[in-house]
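Down below is the structure, laid out as structure tokens.
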Amino acid sequence: MTVDNFQRGIFTWPMNFGWKPIPTEELKKHKITDKDPIRCPVMAGGLFSIDRKYFYELGTYDPGLDVWGGENMEISFK
């Protein structure tokens, strides 16, 4: 297993989304495998799984977001 296989979404204060590798030490400490969920403060909005009922409880996506961009931050802040 290489650390390049494990990345999590990040954002910077100018609100730019990106991916960052998870350090090998963290993978070993938490015994993370390629089948485990990974804690992540933000992720690409169209690439996640969530319970449908909970997604609706959160208020789904803001209807003003009519094109891609911003959904990754919005769900993370909710």
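Residues 1068 to 1145, numbered by the numbering used here, are exactly what the sequence shown covers, in order.
Beta carbons are placed, not taken as given, at the ideal position from N, Cα and C, and that holds for glycine.
Keep in mind it's a predicted model, so treat the numbers as computed, not measured.
- For R1075, the secondary structure class from DSSP, reduced to helix, strand or coil, is strand.
- Counting along the chain, K1098 sits inside no beta strand (DSSP E), nor does DSSP assign it H or E at all.
- Here the alpha carbons of K1120 and G1131 stand approximately 21 Å from one another.
- By the 16-neighbour rule on beta-carbons within 10 angstroms, I1142 is buried.
- Using a 10 angstroms sphere on the CB of N1083, the tally of other CB atoms stays under 16, which defines it as exposed.
- Under the 8 Å Cβ criterion, the segment 1072 to 1082 counts as touching the segment 1098 to 1112, having at least three qualifying pairs.
- Comparing alpha-carbon positions, the option among Y1123, D1101, D1118 lying closest to N1072 turns out to be D1101.
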